[in-house]
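Top line first, the protein sequences correspond to chains W and R.
Per this note's numbering, the first sequence starts with residue 726, numbered consecutively.
Per this note's numbering, the second sequence starts with residue 48, numbered consecutively.
One structure is given here, and the rest of the page talks about it.
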Amino acid sequence: MTLDKLNKRLSAARATAEARGEHFYPGPSRVHLASFPPKERWDDWVELDSRAWPERRERHFMLVPTTCFNCESACGLLAYVDRDTQQVRKFEGNPEHPGSRGRNCAKGPATLNQVTDPDRILYPLKRAGARGEGKWVPVSWDEALDELAGRIRNAIHEGRHNEVMYHVGRPGEDGFTERILAAWGVDGHNSHTNVCSSGARAGYQYWMGSDRPSPDHANAKVILLVSAHLETGHYFNPHAQRVMEAKKKGAKLVVFDTRLSNTATHADHWVASYPGSEPAILLAIANHLIQHDRYNKEFVRRWWNWQEFMDQERPEVDPTFDNFDRALKDLYRSYTFEFAAEESGVDAPIVEAIAEIVATAGTRLSTHNWRSAAAGNEGGWQVSRTLFFLNALLGAVATPGSTYPNAWNKYVPKPIHTPPHPPRWNELTWPIEYPLAMNELSFLLPHFLKDGRGRIDVYFTRVYNPVWTNPDGFSWIEVLADEQLVGLHVALTPTWNETAYFADYVLPMGHTSERHDVHSYETHDAQWIGFRQPVLRAARARMGQPVVDTREVNPGEVWEENEFWIDLSWRIDSDGSLGIRQHVESKEHPGQKLSVDEYYAYTFEQSVPGLPQRAAAQGLTPLEYMRRYGAFEVQRSIGPVYAQEVPRDDLQDLGEDRFGRVYWRLPSTWYRSPPRSRIPRADDPSASEWMGRSSAVSPRPAGGSNSTRERWPRGDGARAPFQSTSRATSIPRISSRGKSP
Amino acid sequence: MPTFAQSLPVKWAKVIDHTRCIGCHACSTACKSENEVPLSVNRTYVKSVDVGTFPNVRRAFQVTRCNQCDDPPCVTACPTAAMYEREDGIVDFNKSICIGCKACIAACPYDAIFINPDDHSAEKCNFCPHRLDMGLEPACVVVCPTEAILVGDINDPSSPVAHYVKRDVVSVRRPEKETRPKLFYKGAHHTTLDPIAARRPGGGIFMWSEQKRNGRSVVSGHPDHANSSAAALLSYDVPHTAPWDWRVSLYTWTKGIAAGAYLIPLLLVALGAVEGESSLWQWVAPVLGGAFLAATGALLIWDLEHPRRFYLLFTRSQRKSWLVLGGYTIAGYSAILAVHFVASLSGGVTLQYRLAIAGVPLAALTAVYTAYLFAQAKARDLWQNPLLPSQLLVQAVLAGSAALFPFAKWLEPEATPTLGWVLAGSGLLHLLLVAGESTLTHPTAHARLASWEMMGGRYRAFFWMGIAFILGAVAAPWIGIVAVPLALGGLLAHEHAFVQAGQSVPLA
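Now the structure itself:
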């Protein structure tokens, strides 16, 4: 065969692809070359073997999308499944993914190393010697599941719900496991967040009721980062793309980082202040805007609850906006450039230059802080708080090129079953003496157990290595090694780690291309969902060989959490007497266990607006569409949700105070027994009600006894299922709807 | 619409835009995955240099890889045309005919070629031709989060690459090597473009990785004073290895002896110190010469990554390669020695004299051709030395006279004084040539750094041992056979210092 014929038959180049009526994915080079094969040929794409080169050896691949799991950005990947060997040859980006747009960081293609890691755990293992002795025997999944189910069932039977705990680091999904815990009636979710991002989260939460920022870097005029998001942290790949886009359009980049990061390299101003002193600089910038009347007074007048401030703090003067402006000037007068310089070690002229840049941003100021200076500093939450202060002053909130509350740029679809929130309170995670805790006080767990404040009968760790992650790893070892304190430790993990070493069961779970999850992140001003799937299972299904259990295609007996949790829940309540089984039961075939296919088919059909229509246009079911393309954009250019009219349906049962602050009414039972201090994570769909309503009630604990908390009703009909993020967040969240004075 | 099969003169080029590059290494791993490049070697990676002093400091990146030269030294140096330039300008390779001689690695001014530890053949970035030919962009282009890598036809005015190259400010690495790279850098910093502009950090570590240290490792950055007045510290680079190890040092030595073993007896005959029937000329010349020539050949083949493909040197000769021309030379010289030996058996002294008309130049060329082979290693400035042919010839005389000395003492004692003076004279001449090279400044910073590594750096022990021993050997007329180990040992030490120091300069 001549090269010419080969080319005509196989080429992805624009002319040849378009002549065949196929889709052409243009690449960054903007020439006739495609960045990806035409999607029409993803079933059987022929590539030339790079190792056999220059011999033109043809290899046939099926391209199956999945979602990267090497950070939280959830970028798209395309697995190249070799049709002959049924193995993944490589991972590339997924051009259909709205967040990552076909591009990836180094960790994306390197996923292959995880899949082929010779040291990964391939079979369920059970401890053979003493805990931590390092002796293991292979066991069957059935044996492991039966023992786990038995213990959990007993704990539930005996009212020891709080002895079941699931401790997760990177969830990599939106609420699946929390719903499983809710189905068990267990308040057992624990996180790593308190040694990580909770400082930044608090600063954002107190401003806008959402605990994460979503900067619209691409459209910004000024980008202010207290982080290194051009090359580290989530969501660096999606963010770096857009930061660079903006820079090329002339945006200024200001970076606060104590390290000379790659991000600092690209900054117009790199500020390496004394660690933790960033708020001094940010307040000096704020003061500059305030004293020189360069803040967005119309926005502040309309959207800040300054009337309440005047009522409480300046009762002696007329509550006019002019007086509020004077009060602001008084309040921040002392935060001069010289003050900032003294505090931070950054020269005053540099602070002034940055303040000038910020002052020119208008509403196009995108800011971002995540971990970085907000973590590991006492009062670190003031970093994100003072950072977002600048957005609030400029009105750079949910406008093009500004920073959004994350919940508006995220979409969490409603699943087939939504169990009610568990009517319990676990003081091992939310100790009553820390009412202002932003997230679970996870780092105290070993100390609480040692102090006799409780014990754990079944402890799951997943994508979490507390022995390594927490500063006092040895405290964790002491507790994990003590069978009186931790009855059974189950490590769900693809690879060994220091914590799994102290487990009773090590259960192998799949990597990026070996499991199902759906999630969505606030990578930019849009809402999308990404679908992670076992690519070999999807490939087999496309070849007409349906797979019903992901273990069939995974290496060894590696499983996935979705099927694991469903199976475990089913075994805990096989006769349905505990009320658990209903939450993992098929709707199509009542009495049978829910399959992941049904679970996701329901989700994609019933609660992702626009997806069924898009799928139908291609003759696909919504699930088939997601299996084929891996991602779907629900909405883009969300805009200032707070300025939109509130849907009439949401205007039921509301109250409005004399300052114009709108109150939602919570179910009466909630009023009687304010249940907990927990401020929900914005990405916790089971907490969606809280997100909508937490501002209505003072989120403070009543300090009541356990018995009052036990009265929290289960199956509360008022807890409407999560419809969509935009809907759930359509009430202004900055603080209130202000009234014109 | 251009496609790969068109008749237009497509010239593929790439632009790396360092005003966009964030140094994330996505291109490095995408390339690894696309081309199944094993651990420890890289077709592309991101070097970084921290420039300036706090707080006026930045990190400069360099996406480092094959420069796709329009005059590729690797192609010229390759003995089998395993490295070749396609019509569309891509410098590609065919692993099935690579003999693993590493001449391409020695030749590449960018240190962009390596031996794949899995298949033992040379490879490098080849612009993903298996993708380009299918109408796809290379893997690194597609993966890059900030679209900092572009590929295009430099002859197609509508391609952004052509625009960047022709209308924007771009630079190339090491233009003085006259390779005419088709990899262009936009916004690159001079401290990354020049491999020794940045200082090598102390303590054996870069920003977050170890500097690999073993016998042949070449750690990037200048070990002494950096070649930039901007404060510049190399913050990350991957390990590099010098292509030619002690076997090549040793081969220059055995080859010198092999050449000298023929030339010196003939010189003694010419000077009248011995007769034509002398066993030095009759037997020692062909046997000693042949033995060391065999050792030379064995070392050469041993040094190949694919020793069994040695024959490709002759069946797929790329005749611009001095490895091929050297092979022919050695083969020709071997034939001379063989015929000479047969003539000795049959008493054909006249034939031997006639044979010497070809034998002398072939023996001399056997000694000298390595200068041309080394010169073809365009990257190695120390070896780009016009004096090198004369040096090698002098060394062959020195090695030959020393190697012959014991045989003379045994078989032709009356020739030893003359031989001693030849040894002393060639030793002195060698020292003078070395002194000239060592005391004069060098035309390039690379040559100067290599010379510094030879005399004051990593190889100083070998170098000074070579000087001292050969200085001792100059006393041959008085110390006699004691001079032999001094001369041969000193020469070997010198060759090793010279060959290894020549490869000790970081190129990437």
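Even for Gly, the Cβ is constructed at its ideal location relative to N, Cα and C.
Just so you know, these numbers come straight off a predicted model, no measurement behind them.
Could you work out which residue in R:Glu223, R:Thr413 and R:Cys175 is closest to R:Ala378 when comparing CA atoms only? Within the second sequence, residue 378 of chain R is the residue found at index 331, counting from 1. Ranking R:Glu223, R:Thr413 and R:Cys175 by Cα distance to R:Ala378 puts R:Thr413 first.
According to DSSP, which residues form a beta bridge with R:Ile196? Taking the first residue of the second sequence as 1, we reach residue 196 of chain R at position 149. The partner list for R:Ile196 (beta bridge, DSSP) reads R:Ile63.
Does R:Ser80 have its Cβ less than 8 Å from a Cβ in chain W? Taking the second sequence and counting its residues from 1, the one referred to as residue 80 of chain R is at position 33. Chain W contact via Cβ: present.
What separation, rounded to the nearest whole angstrom, lies between the Cα atoms of W:Lys974 and W:Asn944? For the purposes of this step, residue 974 of chain W is taken as residue 249 along the first sequence, with counting starting at 1. For the purposes of this step, residue 944 of chain W is taken as residue 219 along the first sequence, with counting starting at 1. Answer to the nearest angstrom: the Cα atoms are 9 Å apart.
For W:Met1467, three-class secondary structure by DSSP: Residue coverage of chain W in this structure runs from 726 to 1466, which leaves residue 1467 of chain W outside it and unanswerable.
Taking any Cβ of chain W, which residues in the region 121-149 of chain R have a Cβ under 7 Å from it, in chain order? Asp139 and Asn141
Contact list for the region 956-972 of chain W against chain A, Cβ threshold 7 Å: Note that chain A does not occur in the displayed structure, where the protein chains are W and R.
Output yes if chain W places a C-beta closer than 8 Å to the C-beta of R:Val190; else output no. One-based indexing of the second sequence puts residue 190 of chain R at position 143. Yes, R:Val190 lies at the interface with chain W (some Cβ there is under 8 Å from its Cβ).
Determine whether the Cβ of W:Asn795 lies closer than 8 Å to any Cβ atom of chain R. One-based indexing of the first sequence puts residue 795 of chain W at position 70. Cβ-Cβ to chain R under 8 Å: no for W:Asn795.
Along chain R, in chain order, which residues have C-beta atoms closer than 7 Å to that of W:Gly752? Taking the first residue of the first sequence as 1, we reach residue 752 of chain W at position 27. In chain order: Glu184, Val188 and Val189.
Which same chain residues end up closer than 8 Å to W:Glu1323 when comparing Cβ atoms and leaving out the 5 residues on each side of it in sequence? Position 598 of the first sequence, counted from the first residue, corresponds to residue 1323 of chain W. Closer than 8 Å at the Cβ level, and outside the excluded window around W:Glu1323, lie Ile1141, Ser1311, Lys1312 and Glu1313.
Measuring CB atoms only, is the region 489-508 of chain R touching the region 525-532 of chain R, in the sense that at least three cross pairs come out at less than 8 Å? no
Could you give the distance in angstroms between the alpha-carbon of R:Phe161 and the alpha-carbon of W:His917? Mapped onto the second sequence, residue 161 of chain R falls at position 114. Mapped onto the first sequence, residue 917 of chain W falls at position 192. For R:Phe161 and W:His917, the distance between alpha carbons rounds to 44 Å.
Contact set between the region 197-208 of chain R and chain W, restricted to residues whose Cβ is under 9 Å from the partner: Leu197, Val198, Gly199, Asp200, Asp203, Ser205, Ser206, Pro207 and Val208
Keeping to the same chain, check which residues put their C-beta closer than 8 Å to that of R:Tyr398; ignore five residues upstream and five downstream. Counting from 1 along the second sequence, the entry for residue 398 of chain R is found at position 351. For the sequence presented, residue 398 of chain R should be read as Leu rather than Tyr. The answer, listed in chain order, is Val386 and Ala390.
So, is W:Trp1437 buried or exposed, given that buried needs 16 or more other C-beta atoms within 10 angstroms? What you label residue 1437 of chain W is simply residue 712 of the first sequence in a count that begins at 1. Interpretation of W:Trp1437 is limited by its pLDDT of 31, a score under 50 that renders its predicted location unreliable; no figure is taken from the coordinates.
Reducing DSSP to helix, strand and coil, say where W:Phe1199 ends up. Mapped onto the first sequence, residue 1199 of chain W falls at position 474. Helix.
Rounded to the nearest angstrom, what separates W:Asp1409 and W:Val1137 at their Cα positions? Residue mapping note: residue 1409 of chain W aligns to position 684 of the first sequence, counting from 1. Residue mapping note: residue 1137 of chain W aligns to position 412 of the first sequence, counting from 1. At W:Asp1409 the pLDDT is 43, less than 50, meaning the model places this residue with poor confidence; the figure from the coordinates comes in the next sentence. The alpha-carbon atoms of W:Asp1409 and W:Val1137 are separated by roughly 9 Å.
Which term fits W:Glu772, buried or exposed, when burial requires 16 or more other beta carbons within 10 angstroms of its beta carbon? Translated into the one-based positions of the first sequence, residue 772 of chain W becomes position 47. The residue is buried, with at least 16 neighbouring Cβ atoms inside 10 Å.
Limits of the unbroken beta strand (DSSP E) element including W:Arg1096: The sequence position of residue 1096 of chain W within the first sequence is 371, counting from 1. That residue, W:Arg1096, is in no beta strand (DSSP E); it is neither H nor E in DSSP.
Proximity of W:Ser1069 and W:Tyr999 at Cβ, strictly below 8 Å: The count along the first sequence starts at 1 and reaches residue 1069 of chain W at position 344. The count along the first sequence starts at 1 and reaches residue 999 of chain W at position 274. Yes, these two residues count as a Cβ contact at 8 Å.
Going straight from the alpha carbon of W:Phe816 to that of W:Pro753, what length do you get? Within the first sequence, residue 816 of chain W is the residue found at index 91, counting from 1. Within the first sequence, residue 753 of chain W is the residue found at index 28, counting from 1. When rounded, the distance between both Cα atoms is 19 Å.
How long is the line joining the alpha carbons of R:Ala443 and R:Gln431, rounded to whole angstroms? Here residue 443 of chain R refers to the residue found at position 396 of the second sequence. Here residue 431 of chain R refers to the residue found at position 384 of the second sequence. Computed Cα separation, rounded: 20 Å.
Residues within the region 170-181 of chain R neighbouring chain W, beta-carbon criterion of under 9 Å: Asn173, Cys175, Pro176, His177, Arg178, Leu179, Asp180 and Met181
Local Cβ density within 10 Å of W:Pro1147, reported as buried at 16 or more and exposed below that: The residue given as residue 1147 of chain W occupies position 422 in the first sequence. It is buried - the Cβ of W:Pro1147 has at least 16 other Cβ atoms within 10 Å.
Short of 9 Å Cβ to Cβ, which residues in the region 81-114 of chain R face chain W? Glu81, Asn82, Glu83, Ser95, Asp97, Phe101, Pro102, Val104, Arg105, Arg106, Ala107 and Phe108
Within the region 889-918 of chain W, note down every full beta strand (DSSP E) run reaching 3 residues or more, in order along the chain. 889-893
Assign W:Ala971 to buried or exposed, taking buried as 16 or more other Cβ atoms, counted over all protein chains shown, within 10 Å of its Cβ. Stepping through the first sequence from its first residue, residue 971 of chain W is reached at position 246. Buried, because 16 or more other Cβ atoms sit within 10 Å of the Cβ of W:Ala971.
Taking only beta-carbon atoms, is R:Gly234 less than 8 Å away from chain W? Indexing the second sequence from 1 puts residue 234 of chain R at position 187. R:Gly234 does not count as touching chain W.
Is the Cβ of R:Gly70 closer than 8 Å to any Cβ of chain W? One-based indexing of the second sequence puts residue 70 of chain R at position 23. Cβ-Cβ to chain W under 8 Å: yes for R:Gly70.
Rounded to the nearest angstrom, what separates W:Pro1171 and W:Glu765 at their Cα positions? Position 446 of the first sequence, counted from the start, is the residue given in the question as residue 1171 of chain W. Position 40 of the first sequence, counted from the start, is the residue given in the question as residue 765 of chain W. Answer to the nearest angstrom: the Cα atoms are 54 Å apart.
Quick check: the region 204-216 of chain R against the region 240-253 of chain R, are there 3 or more CB pairs under 8 Å? no
Would you call the region 335-349 of chain R and the region 106-116 of chain R touching, i.e. three or more CB-CB distances under 8 Å? no
Three-state class that DSSP yields for R:Val394 in the structure shown: Taking the second sequence and counting its residues from 1, the one referred to as residue 394 of chain R is at position 347. Looking at the sequence shown, residue 394 of chain R is not Val but Gly. DSSP places R:Gly394 in coil when its eight states are reduced to three.
Count the C-beta pairs between the region 83-101 of chain R and the region 827-836 of chain W that are closer than 8 Å, then say yes if the count reaches three, no if not. no
Span of the alpha helix (DSSP H) holding W:Leu873? Here residue 873 of chain W refers to the residue found at position 148 of the first sequence. Element bounds for W:Leu873: Trp866 to His882.
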